[in-house]
Every structure is written in structure tokens, then in C-alpha cells.
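*Asks:*
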Amino acid sequence: MHLDSVDRDILFQLRKDGRLTNVELAKRVGLTPPPCLRRVKRLEDAGVIRGYRAQIDPAALARGFEVIVAVEISINDLQTVEEFETAIASYEEVVEFHRLFGRPDYFVRVAVTDQEVFETFLTGKLMGLRAVARVDSHLIMKKIKTDD
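Sequence positions in the sequence shown follow the working numbering and run 870 to 1017.
1. Hey, would you say V1004 sits closer than 8 Å to A928, going by beta carbons?
2. Cα separation between R996 and K1012?
3. Would F990 be called buried (16 or more neighbouring beta carbons within 10 Å of its own) or exposed?
4. What three-state label does DSSP hand V986 in the structure shown?
5. What would DSSP say about D876, mapped onto helix, strand or coil?
Below, the structure written as C-alpha cells:
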């Protein structure tokens, strides 16, 4: 799908504030409301806009302790990889999960209450998976930029 400068501006404005009214969005991008609404609908129908959501403060849910875990696996057959990915994706503590090219094989962002809960997650869930060969944990000191 071709995105022109107005489409990109619409996406920029909605990323900043997904609760903008169509009237306010149209005003910010220099359109009248009807064509603005048509463009937003076209972007939604094309899957460029995949949805809208609320951003929740992790501390409000007692999940302010975040750790990036680098995971290397030792078993690389398709069934084991799929089982590993399904297990990790199902854990409530996991808020982001990426398969990488090269080493490590995965980055997992974990959000929990504190160090003790993280240790329980790490030793009781993650390290118990048969494919796991190595984990390196990196505590997040400060978020500088994030889209979430």
C-alpha cells in the first residue's frame, strides 16, 4: 500500500494520541473530517492501523521491575522451537518476545513486581524449558524511548 505524506501524518498523530477525535485529527493533518475519516478507514482496512489500545503504567499493575533476557537454545528442530516459543509467549510475565538472527537466539522482556518474582520466573519457568542452553539477564535501568 502506498502511503503519502498525509497518511504518514495521520499515523504520526494517532501514534501520539490514539484517542483523537476525527475532527481534531483532520484539523492537525490539514483535512476536513470526511476525507480524513476515509483515509483512517482505508488504513485500518489495509491493516496498516492494526488497532487501538490503552497504555498502562506498569507500576500500577505491580510490574515495574523489567528485565531483558537473552536466551540461547541448544535444540533447534522445528517442533522444539515451536514448543519453546509457545511456552514463552504464554507467560504473563513476558511483555515482549523476539526471535533474532544469530546469537542470542531470543530477546525476552519480562515485567514483574521485583527481583524475587523475577528469580522465580527465571528458575521456575524459563530455565526449566528443555531447549534452553543459556540465559543472560539485563536489568532495565531507564527507558529512554519506547513506542509502547
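Glycine included, C-beta positions come from ideal geometry on N, C-alpha and C.
Given the structure is predicted, the values throughout are model-derived calculations rather than measurements.
*Replies:* Looking at the atomic coordinates:
1. To locate residue 1004, count along the sequence shown from 1; it is residue 135. To locate residue 928, count along the sequence shown from 1; it is residue 59. Cβ distance not < 8 Å, so V1004 and A928 don't count as in contact.
2. Residue numbering aside, residue 996 sits at position 127 when the sequence shown is read from its first letter. Residue numbering aside, residue 1012 sits at position 143 when the sequence shown is read from its first letter. Correcting the residue type first, residue 996 is Met in the shown sequence and not Arg. Near 26 Å, if we compare the C-alpha coordinates of K1012 and M996.
3. Along the sequence shown, one-based indexing puts residue 990 at 121. F990 counts as buried, since at least 16 other C-beta atoms from the protein chains shown sit within 10 angstroms of its C-beta.
4. The residue labelled residue 986 in the question sits at position 117 within the sequence shown. If DSSP states are grouped into helix, strand and coil, V986 belongs with the helices.
5. Here residue 876 refers to the residue found at position 7 when the sequence shown is read from its first residue. Looking at D876 - three-state DSSP - the assignment turns out to be helix.
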